[in-house]
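Position one of the sequence shown corresponds to residue 1 (UniProt numbering), numbered consecutively onward.
Down below is the structure, laid out as structure tokens.
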Amino acid sequence: MSSNAERRDSQFSRRLQILRHPGLGTTEQKDSDMQDYIFTLECAERPGILHSVTGALLTHGGDIKELKQFDDQSTQQLFLRIDFSISDEPGNGIEALRSDFEALGEEFGATWQLWPQGQKRRVLIMVSKFEHCLNDLLFRARVGELPIEIAAVVSNHPDHRELVEWHGIPFFRVPVTKETKPEAEAKLIELVDRFEVDLVVLARYMQILSDDLARELTGRAINIHHSFLPSFKGAKPYHQAWERGVKTVGATAHFVNSELDEGPIIAQQLVEVDHAFTPEDLVAAGRDAECKALSNAVKWHCDGRVFLSGKRTIVLR
1 MSSNAERRDS QFSRRLQILR HPGLGTTEQK DSDMQDYIFT LECAERPGIL HSVTGALLTH
61 GGDIKELKQF DDQSTQQLFL RIDFSISDEP GNGIEALRSD FEALGEEFGA TWQLWPQGQK
121 RRVLIMVSKF EHCLNDLLFR ARVGELPIEI AAVVSNHPDH RELVEWHGIP FFRVPVTKET
181 KPEAEAKLIE LVDRFEVDLV VLARYMQILS DDLARELTGR AINIHHSFLP SFKGAKPYHQ
241 AWERGVKTVG ATAHFVNSEL DEGPIIAQQL VEVDHAFTPE DLVAAGRDAE CKALSNAVKW
301 HCDGRVFLSG KRTIVLR
């Protein structure tokens, strides 16, 4: 390695040290002046991206708490997530950094986001008869385990109105038949717009969305399917699994797309079973897996850890 290259590496290492330990620099921000932010970026891989991003953070007094990246060799795409703290003073810190990120986004042709850590995403939940995933999300949101605000709940049945309204959340019954499906989906979009929804969660919503609605919600609708996809798609997957004598059942949380149970997978959970389990036993065993897979997917998505990449997701956990 040349002396110039060694010197650049040494300088870059020094900058990273300063980012993690601001006291090593020339000035030190007081903790009370610092706010936490999350930054995500995806773009075509090329030299200098990470150097430019961390350099901008250093310039404006940023302190990196966590940095995760993935270079996808199959697509030559870079995925980056940084958790950092920075001054929130007007005219300094975060606003100046945002301006630099805008310039970097243009230079690298990148898609990027920047938001305060802890900012809650507005979620609309859709549910049918089975309430375990709904109940789990309501509880986790109420105790602060999920960075979400549940703006509304929509169901094609009236069963869960009392539960939802007990939590102080608006409940809307939107019946769906073959004849009324276009009107029902138009109502859903109206609610998404009215409540300024960031994410739609299908928590055992047993209606198939139209292709048009699935495309409308691309990247912002998560479904829970009660099998370990790609096995046992469609209706009654636990019964399908029992007929095959499986020794493990599972649940899959995935983005919604226009193909039934084919969306990019975000999170999965497994439960061991055996030959003595009836189909009903498998249903009962799978409930916890469904709740866990769905809550993980919602949390990771709202924390900015999930990136869409074709038919796959990149999850920077």
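Note that beta-carbon positions come from the ideal geometry of N, C-alpha and C, so glycine has one too.
Nearest-angstrom Cβ-Cβ length linking residue i and residue j, presumed shorter than 8 Å
i    : j    : result
V123 : V197 : 7 Å
I86  : H60  : 6 Å
F84  : L57  : 6 Å
I266 : I222 : 7 Å
F108 : I64  : Their Cβ separation, rounded to whole angstroms, is 19 Å, which puts F108 and I64 out of contact at 8 Å.
D261 : G234 : 7 Å
For residue i: DSSP bridge partner residues
i    : result
P182 : In the DSSP output, where bridge partners are listed per residue, P182 has none listed.
L80  : L41, Q69
M34  : S87
F307 : I314
T252 : H225, Q268
T111 : E42
I64  : F84
P47  : Looking at the DSSP assignment, P47 forms no beta bridge with any residue, so it has no partner.
P116 : Y37
Contacting residues, own chain, Cβ-Cβ under 6 Å from residue i (five flanking each side not counted)
i    : result
T27  : The predicted position of T27 is uncertain, since its pLDDT is 42 and thus under 50; a value taken from the coordinates is nonetheless stated next. Cβ within range, chain order: n/a, list empty.
Q35  : D88
L199 : R121, V123, R220
K299 : L146
R161 : F171
A5   : Summary for A5: the model assigns pLDDT 46, below 50, so the residue's position carries little reliability, and this model does not support an answer.
L138 : H167
N296 : A267
Span of the beta strand (DSSP E), counted from its first residue to its last, around residue i
i    : result
R121 : 121-127
H225 : 221-225
V98  : The sequence given here has Arg at residue 98, not Val. Premise fails: R98 lies in the alpha helix (DSSP H), 94-108, not in any beta strand (DSSP E).
V200 : 199-202
Proximal residues to residue i (C-beta, below 8 Å), its chain only, five neighbours per side dropped
i    : result
W115 : Y37, I38, G304
C133 : V127, A203, R204, I224, E290, C291, L294
Q69  : L50, L78, F79, L80, R81, L316
D33  : S87, D88, E89
W242 : F277, T278, P279, L282
Residue i at chain C interface by Cβ criterion, 9 Å
i   : result
H60 : Checking the listed chains, one finds no chain C in this structure; it contains a single protein chain.
Residue span of the alpha helix (DSSP H) that contains residue i, given as start and end
i    : result
H275 : Note, H275: premise wrong, no alpha helix (DSSP H); not H, not E.
I148 : I148 -> not in any alpha helix (DSSP H); beta strand (DSSP E) instead, spanning 148-155.
F171 : Unbroken run through F171 is the beta strand (DSSP E), 171-173; no alpha helix (DSSP H).
K233 : Careful: K233 lies outside any alpha helix (DSSP H) and carries neither H nor E.
L294 : 279-302
L137 : 132-142
D212 : 211-216
P237 : 237-243
V164 : 161-166
Nonlocal neighbours in the same chain, by C-beta distance under 7 Å from residue i, ignoring five residues either side
i    : result
P264 : H254, F255, L308, K311, R312, T313
Inset, instruction - Examine the Cβ distances between the stretch 145-162 and the stretch 73-82 and report whether three or more of them are shorter than 8 Å. - result: no
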